[in-house]
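Residue numbers are given in full-length UniProt numbering: position 111 of the sequence shown equals residue 111, and the series is strictly consecutive.
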Amino acid sequence: MSYRSLTFWMFLAMIAWGSTWVSAKILMEGMGAHQLIFWRFLLSAMGLIPVIWLMGHSWKIDRQALLIALLAGLGLILYNRFFFLGTHLGEAGLGGVLVTTLNPILTFMFIALLSRKLLRQDEWFALILGALGTLTILKVWNYGLEMWQQPGILYFIAAAATWPWITILSARFKKGSPLVLSFYMFLITALGDWALFLDFQIPALSALHPIEWLNLLSLSLYGTTFGTSIYFLAASRWGGAKASGYFFLVPFSAALFAALFLHEEIGLSTVIGGLFTLLAVYQINGYNLLGLSQRIQGWLQRS
């Protein structure tokens, strides 16, 4: 897959992740956190089976890949557990934006520490721009210092600190199909959650209404089978730091889905914040914003 094609698919993947906020909000009204984790990742793994089979990929992975899948699967359990605990104790909107703001920043910093390299000025600029964008979407000025006193805030920070290691692990996978790695990763996540938190009991789905079934399938197949698999593919091709930068697009896409399906209002702050996050991803992709402004000026002059 070419660089341009993967960039296009990453934009679609972040849109898919934005849709998961709406689906999870609807499903959490009638399901427990670990029930949702179990079914989300089990259905996601099952959704990859026909894709891998049709593409003719081998199901075999070496020991290193199996270790990566095991550690990343356990990381996904921790990430989802921390996030749902934070959502239960605090505000889901605050937590979602806070986590997606911290994820790329922490990933960049952890990778810089591991590689013993300082972040470049353009990388700092992109991270600051993305953080400003997501915080603008959140309207952080309405919270003040009270934001850091909410009971679930530590769980959200723990979730944000867990994700970079999942990204770094997936970026180390270079041999074989990323889809096969995602399959084993999702399966390990579902089975691990089933064993650790559900006491080997399979949660029933008979009480779900049709709209909840639709959201569960969207969360699993669209948001995770498609969205997360594309993310892991990008991490293995580009490296964890660059792939994680696309996280900045998630709050804006989530706001669009919330407006479409939950009838939430899109304010000026959402539009401005969304523009900032788009510019941040543009910068992370190695393009210069000054060059962008010059191209826009040239286009305006020609028109």
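Yeah, the Cβ is synthetic: ideal placement off N, Cα and C, and Gly gets one too.
Just so it is clear, the structure is predicted and the values come from calculations on it, not from any experiment.
Cβ distance (whole Å) where residue i is taken to contact residue j below 8 Å
i, j, result
"Thr134", "Thr101", "4 Å"
"Ala243", "Ala234", "4 Å"
"Ile52", "Phe183", "6 Å"
"Gln158", "Phe82", "Residue identity differs from the one stated: residue 158 is Ala in this sequence, not Gln. Indeed, because the Cβ distance is near 4 Å, the residues count as touching under 8 Å."
"Leu127", "Pro104", "7 Å"
"Phe252", "Gly273", "7 Å"
"Gly152", "Leu85", "7 Å"
"Pro210", "Gln35", "The Cβ separation is near 18 Å, so there is no contact."
"Leu169", "Ala72", "5 Å"
"Trp39", "Leu205", "7 Å"
"Ser269", "Lys139", "5 Å"
Within 7 Å, strictly: CB atoms of residue i and residue j
i, j, result
"Val69", "Leu221", "What sits at residue 69 in the sequence shown is Ala, not Val. No, the Cβ-Cβ distance between Ala69 and Leu221 is not below 7 Å."
"residue 304", "Leu187", "Within the shown structure, residues of the chain are numbered from 1 to 303, placing residue 304 beyond reach of any answer."
"Ser236", "Pro164", "no"
"Thr107", "Gly18", "no"
"Phe11", "Thr189", "no"
"Ile61", "Gly192", "no"
"Gly75", "Thr162", "yes"
"Leu275", "Leu129", "no"
"Leu249", "Met14", "yes"
"Gly223", "Ala16", "yes"
"Ala65", "Phe173", "yes"
"Ala160", "Val99", "yes"
"Leu27", "Asn215", "yes"
Where residue i falls, given that 16 or more other Cβ within 10 Å makes a residue buried
i, result
"Asp199", "exposed"
"Arg120", "exposed"
"Leu114", "exposed"
"Trp238", "buried"
"Gln201", "exposed"
"residue 322", "The displayed coordinates of the chain run from 1 to 303. Any statement about residue 322 would go beyond what the structure contains."
"Phe8", "exposed"
"Trp213", "exposed"
"Ile37", "buried"
"Gly267", "exposed"
"Ala207", "exposed"
"Tyr246", "buried"
"Ser58", "exposed"
"Met185", "buried"
"Gly56", "exposed"
"Ser229", "buried"
"Tyr3", "exposed"
"Leu132", "buried"
"Trp141", "exposed"
"Trp194", "buried"
"Trp21", "buried"
Residue i beta carbon near the ligand MN (any heavy atom closer than 6 Å)
i, result
"Glu29", "The ligand MN is absent from the structure shown, which contains no ligand whatsoever."
contact_flag[the segment 39 to 46, the segment 271 to 286] where n(CB pairs < 8 Å) is 3 or more: No, because fewer than three Cβ pairs between the segment 39 to 46 and the segment 271 to 286 fall closer than 8 Å, the two stretches do not touch.
Alpha helix (DSSP H) segments (min. 4 residues) lying fully within the UniProt domain "EamA" (8 to 138): Listed in chain order, the complete alpha helix (DSSP H) runs (minimum 4 residues) inside the UniProt domain "EamA" (8 to 138) are 33 to 55, 63 to 89, 92 to 115, 121 to 138.
Whole beta strand (DSSP E) elements within the UniProt domain "EamA" (151 to 284), 3-residue minimum: Entirely contained in the UniProt domain "EamA" (151 to 284), not one beta strand (DSSP E) run reaches 3 residues.
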